Amino acid sequence: MSDHPGFTFMNDALIDDEFICLICNEPFNNATCTPCDHTFCRSCIEQWLQKSTDENKSCPVCRHSLSIDNDLKPASRIISNRIDRYLVKCLACELEKIPRGLFSDHISKICTKATVSCLASNILCPWIGPRYQLEDHLKLCPYQQIRPILELIQTKNSQLEELITNQQQEIININERHQAQQQQIDELTKMIHVLKDLMRLLIAAHNNVSIKRIINFDDLVEQDDELNSYYLIPSNYAGFKWHNGAFMSQQHGKTSYPNTGFATAFKQNKKCVIFNSGCQPIKMRDSRSTFGILSFEATCAFQDEVILTVVGRRAGKTIQTMSFTLRYHELKMFFLNWENIDELEFSPKGGKQLATSTDTDRH
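Using our numbering, the first residue of the sequence shown is number 650, and each one after it goes up by one.
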């Protein structure tokens, strides 16, 4: 029997008899010829021969002996082109006058009743449904909402894994540096595990996922990136109350502080950096609700090997504390993965004064 899934021909009377399969009485589907010049649907003639005994495998019209493996050949392209021009009706959405040759495109791109997967199926969204429901699903799909974070993590993963591979090859050739290189690999491997754990955590907790965002402060200088001084971060910037936080533009930082950590930050194409004013801790607070922080990038400006202590509080109580060592010649990402805090404090301490700097007012 010929198989025409999902459609019916608009007008059977217009279909020439020479394009009708003599087994299923339907227009050819994957037209196939025999050595005796009879044409059938591929599936029809194969089923016919499979049901026949070895002695009776023959053409259903003239009884000429046939073999599935050797005697069945595709029919002329002229036949397929002619049949593909016949108009059909989609049984799912009931759209009419579709050329049969374009029906597959109709199902895969147009049909509102066709079953489709979520655009986030590649990151494990299980939703499957009719195409007309896809847009409403995407508005609420938690997997689609966390896609930017997952893609960022995947990009970082790829970069770190590539770096590990290169360093492992270097270890083979440079035995004297083996210990130092191995230490770097171990650190990067731990970082990869952290990123993978975070990815699994985000997927497992998608029902409770909150909207994540990246604050890079570039919009503070977008209207005028040639600001010739530094300024306090505006109150309520990005929804937070700021204390002792200042910012400067790339142009001012490169010109005024070329041999400091500011220059290091701006080498990474940062349009704007923030820093603590007057050696005092930077504080950011949300008095209305709690928030979380996944990671941040930092360096030090006028001293080297500064100890940065980060404190997370909720309702005035210290919930989390971590310390990091900053180097003026590198801009580094630090991972916290803290949740449910309403205040963050970044407090620098110590450090070695740079020989090229006489400014001791800021870290």
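Beta carbons are placed, not taken as given, at the ideal position from N, Cα and C, and that holds for glycine. Just so it is clear, the structure is predicted and the values come from calculations on it, not from any experiment.
Original post:
Can you tell me where the alpha helix (DSSP H) with leucine 698 in it begins and where it stops?
Top reply: 691 to 700
Subject >> Limits of the beta strand (DSSP E) - the one that histidine 755 falls within >> reply: Neither: histidine 755 is in no beta strand (DSSP E) and is coded neither H nor E.
Original post:
Apart from the five residues on each side of it in sequence, which residues of its chain come closer than 6 Å, Cβ to Cβ, to lysine 861?
Top reply: Ile798
**OP:** On the DSSP bridge assignment, give the partners of arginine 1080 in chain order.
**Re:** This structure cannot settle anything about residue 1080, because the visible part of the chain is limited to 650 through 1012.
**OP:** Could you name the residues of the same chain whose beta carbon sits closer than 6 Å to that of lysine 998, not counting the 5 residues immediately before and after it, in chain order?
**Re:** In the same chain as lysine 998, and ignoring 5 residues on each side of it, the C-beta atoms closer than 6 Å to its own belong to Ile956, in chain order.
Original post:
When the distance is taken between beta carbons, is cysteine 693 closer than 8 Å to isoleucine 672?
Top reply: yes
**OP:** Name the one or two DSSP bridge partners that phenylalanine 911 has.
**Re:** Bridge partners of phenylalanine 911: none, in fact.
Subject >> 7 Å CB neighbourhood of isoleucine 820 in its chain, flanking five on each side removed >> reply: His827, Gln830, Gln831
Original post:
When DSSP builds the beta bridges, which residues end up paired with tryptophan 776?
Top reply: In the DSSP assignment, no residue is bridged to tryptophan 776.
**OP:** Decide if proline 907 is buried, meaning its Cβ has at least 16 other Cβ atoms within 10 Å, or exposed.
**Re:** exposed
Original post:
Which word fits asparagine 925, buried or exposed, when buried means at least 16 other C-beta atoms lie within 10 angstroms of its C-beta?
Top reply: buried
Subject >> contact_flag[the region 941 to 951, the region 908 to 927] where n(CB pairs < 8 Å) is 3 or more >> reply: yes
Original post:
Looking at C-alpha atoms only, which residue of His786, Cys682, Ser878 is the closest neighbour of serine 766?
Top reply: His786
**OP:** State yes or no: is the beta carbon of tyrosine 886 nearer than 8 Å to at least one beta carbon in chain B?
**Re:** The chain labelled as chain B is not found in the depicted structure, where only one protein chain is given.
Subject >> Within the region 765 to 817, ranges of the alpha helix (DSSP H) (whole runs, at least 4 residues) >> reply: 783 to 789, 791 to 794
Subject >> Segment contact, 8 Å Cβ cut-off, at least three pairs: the region 893 to 902 with the region 923 to 940 >> reply: yes
Subject >> Heavy atom of the ligand FMN within 7 Å of isoleucine 864 beta-carbon >> reply: Absence of the ligand FMN from the depicted structure is noted, as is the absence of any ligand whatsoever, leaving it without description.
**OP:** Output the boundary residues of the beta strand (DSSP E) element that contains isoleucine 968.
**Re:** 966 to 975
**OP:** Report the rounded CA-to-CA distance for methionine 650 versus cysteine 670, giving the unit in angstroms.
**Re:** Note that methionine 650 scores a pLDDT of 34, beneath 50, so its modelled location is shaky and nothing firm can be said.
Original post:
Where does lysine 998 fall in DSSP's three states?
Top reply: strand
Original post:
Per DSSP, what kind of secondary structure is serine 707 in: helix, strand or coil?
Top reply: strand
**OP:** Answer yes if the region 741 to 758 comes into contact with the region 655 to 662, meaning at least three C-beta pairs across the two stretches below 8 Å, and no otherwise.
**Re:** yes
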